[in-house]
Amino acid sequence: MAKPKTPWLHSRPMLLTKAVLALFLVYVFGSLAIDSGRWLHYFLTFIAFVLGVKFLTHFIKTYGKK
6 MAKPKTPWLH SRPMLLTKAV LALFLVYVFG SLAIDSGRWL HYFLTFIAFV
56 LGVKFLTHFI KTYGKK
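Structural data, given as structure tokens:
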């Protein structure tokens, strides 16, 4: 029997790591975006896209199997 998987969204180390990384990136790019507002828009669009793709692929891998 396979051991039960921890739900991906509720695994705390992963969540904490992503939160810290996201805050760091937002801080770094936010401070860069003070110089030009266009960079912040591109960055947020990119982050939203990457997180969306990651979540979708993981969701399909985890819940796609029956």
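The numbering used here applies: residue 6 is where the sequence shown begins, and numbers increase by one.
We put the CB at the ideal spot given by N, CA and C, even for glycine.
Computed from a predicted model, the values in this text were never measured in an experiment.
- With respect to F48, F60 sits apart: the two C-beta atoms are not nearer than 8 Å.
- Cα atoms of I65 and V58: separation of roughly 11 Å, rounded to the nearest angstrom.
- The residue from W44, I52, R43 with its alpha-carbon nearest to that of L28 is I52.
- The three-state secondary structure of G57, taken from DSSP, is helix.
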